[in-house]
Structure formats: structure tokens, C-alpha cells
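Only one structure is covered here, and it is reproduced in the block below.
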Amino acid sequence: MEAQTIKTNDLNKFYNQGKKNQVHALNNLNLNIRSGEIYGLLGENGAGKTTTVSILTTMIKMSTGSAEIMGHDVVSDSKQVRQLIGCLPQDSGLYEEFTAIENMTYFANLRGLDSETKRDQIAELIKIVGLEERQGDRVETYSGGMKRRLMIARTLIGNPRILFLDEPTAGIDVLVSRRVRQIVKKLAREKHITVLLSTHDMVSAERLCDRVGILHKGKLVAEGPPQEIVDKYSKDSRDLEDAVVNLIGWTGEMEED
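For our numbering, add 3 to where a residue sits in the sequence shown, where the first one is 1.
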């Protein structure tokens, strides 16, 4: 049996609990994500994607249920969990006035890396994301795609075993989006990193993910390889977006929850 790196058991999250405007954001969510897997969390605005990732990355606590990262409880062992994960937010969090090297060095220092490890990791990661020729330039001179690649490199400092990616291809053109997908897939395969991405980019999810989970009103309503989801639920264009729309009866624009 393959090792499970992310596991949730009957996960529930209530906002404004006990009040008239109580929101049941997650409803008995059960996830079992395997080591080295690229897993996509999909769903419309308010489906529970952000809440799920926030719990798994120790940013907020669940109301009931449990969640583990590589066997470590996200509440009682949150410090160890944070050492095992890397998080790529949608907002850059980069220091625009710093160079790529200076940004990487700053975050390596926060991770507590020694000088030799820091130097070696930064050089390797800058190469992986293809920024060697611009590593000494200020980030403010970078294109959106270059910034996204630097964000991925920064997220990998300290050799996390699990990556949480929030909309990794948002706001970048199709060619850069393809490059980002290639980088993520290479990392997962060569470094055996587990990836959980929350995205509205159905093309990226279909081409990148080993499995996807569809959230609707806090419930996991479907899960499986993208092609399996397409075969089961798509009616018209035979793609993942069509399958998701048919499955959840969604008619509006998919926005970030």
C-alpha cells in the first residue's frame, strides 16, 4: 500500500458557529493523498478549498474531525507539520526591491539553513526554475511568469515533502503556464514531492494532476483521475471543466473562495 502523506478524517469546519449566520464550510471531508501524488482540489466559489488548505497548513483549526501530514496531527504537532510543507500563495510575497538571490537568501535564513546548505539549495532551485541569467536582477524588473517561477523556487527552500499551491497558473499566459506545469511535474517525479493544488485552471488540473477532488458546499462529491471524471460526468465538450459544471450544476464564474 502506498504511504499517505495527507489524510483527513470527517473534517468539519463551521464559521460563526452557534449563530444565525453559521456557515458549514467543510462537511465530513475525507481525503487520502498518496506520497508523490499531484492532487487537484477543484470547486466553485465557497466550496471549501481555501478552508481545507488553511487547516492542512495549520493556519486555522477544524471544528471537528482530524487531519494529518505524514502522520503528524496538524493541531497537536503543528510545528513539525510546518517543517514538512511549503506553501505557494496566490499573492507573491516577494520583496520587489530585492534580487532573486536576496529573496531566496532571506527565506533560507527564516528556514534556519546553514551557509553551505543555503548556498547549494539556492543555486539548485534557481537553475530548476530557469532564472540563472536574471538571478542578480531586482524582482521588480521581472515579468509575472518569472515572479511565479521564483515563488516556486522560494517555496522549495528547506526541501519540503509536501507543496500546497494556490492558483499556481493564475494571471500568466499560456506558455508560462505550461512551463510552470512542467516544473511542478518534474519536482513531483524527481524529488518525490507530494503536491496539493487548489485551482480554477481546468486545463492545468487536467494535464497536471494524478487525481482531482471536486468540492461542492463543503462536501467531496467526486474524486479520481481527471480522465475518469471526464468520462463519467462530461456531456458536451468532453473536458474537465464540462464535467465539473455538470457535476455541481454550477452556472457562474469560478472565483477564488
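Using N, Cα and C, we set each Cβ at its ideal position, and we do this for glycine too.
Point to revise | Close beta carbons around residue 148, own chain, < 6 Å, minus the five adjacent residues each side | key: Counted from its first residue, the sequence shown places residue 148 at position 145. Around residue 148: 175 and 179.
**Study point:** Cβ-Cβ separation, residue 138 to residue 102 (assumed contact under 8 Å), whole Å
**Key:** Counted from its first residue, the sequence shown places residue 102 at position 99. Counted from its first residue, the sequence shown places residue 138 at position 135. Indeed, because the Cβ distance is near 7 Å, the residues count as touching under 8 Å.
Point to revise | Inter-residue CB distance, residue 213 and residue 41 (contact presumed, cutoff 8 Å) | key: Indexing the sequence shown from 1 puts residue 213 at position 210. Indexing the sequence shown from 1 puts residue 41 at position 38. About 5 Å separates the CB atoms of residue 213 and residue 41; that is less than 8 Å, so the two are in contact.
**Study point:** residue 28 - containing beta strand (DSSP E), residue span
**Key:** Indexing the sequence shown from 1 puts residue 28 at position 25. Start and end: 26-37.
Practice item. Have a look at 70, 36 and 131 and flag the residue whose alpha-carbon is nearest the alpha-carbon of residue 193. Key: If you number the sequence shown from 1, residue 193 lands on position 190. Closest by C-alpha distance to residue 193, out of 70, 36 and 131, is 131.
Exercise for review: Look at the Cβ atom of residue 51, then the Cβ atom of residue 28, and state whether they are nearer than 8 Å.
Suggested key: Here residue 51 refers to the residue found at position 48 of the sequence shown. Here residue 28 refers to the residue found at position 25 of the sequence shown. Taking 8 Å as the cut-off, the beta carbon of residue 51 is found closer than this to the beta carbon of residue 28.
Review point. Of all the beta strand (DSSP E) runs that stay within the bounds of the stretch 201-227, which reach a length of 3 or more residues?
Key: If we require 3 residues or more, the beta strand (DSSP E) runs fully inside the stretch 201-227 come out as 214-219 and 222-227.
Practice item. Over the uninterrupted beta strand (DSSP E) stretch that includes residue 69, give me the two end residues. Key: The residue given as residue 69 occupies position 66 in the sequence shown. Following the DSSP letters along the chain, one finds residue 69 inside the beta strand (DSSP E) bounded by residues 67-72.
Practice item. Report the partner residues of residue 75 according to the DSSP bridge assignment. Key: Against the sequence shown, residue 75 aligns to sequence position 72. 72, per the DSSP bridge assignment.
Exercise for review: For the alpha helix (DSSP H) holding residue 22, just list the boundary residues, first then last.
Suggested key: Counting from one through the sequence shown, the residue named residue 22 turns up at place 19. DSSP places residue 22 in no alpha helix (DSSP H); its state is neither H nor E.
Review point. Between which two residues does the alpha helix (DSSP H) carrying residue 155 extend?
Key: Along the sequence shown, read from residue 1 onward, the residue named residue 155 stands at position 152. Here the alpha helix (DSSP H) through residue 155 covers 147-158.
Review point. When the Cα atoms are used, what is the spatial distance from residue 150 to residue 21?
Key: For this step, residue 150 is matched to residue 147 along the sequence shown. For this step, residue 21 is matched to residue 18 along the sequence shown. Approximately 43 Å, taken between the alpha carbons.
Review point. What three-state label does DSSP hand residue 123 in the structure shown?
Key: The residue labelled residue 123 in the question sits at position 120 within the sequence shown. Three-state DSSP puts residue 123 in a helix.
Review point. Once you ignore the five residues that flank residue 84 on each side, which residues in its own chain have a CB closer than 6 Å to its CB?
Key: Numbered from its first residue, the sequence shown carries residue 84 at position 81. Within the same chain, residue 84 has close Cβ partners 61, 72, 75 and 77.
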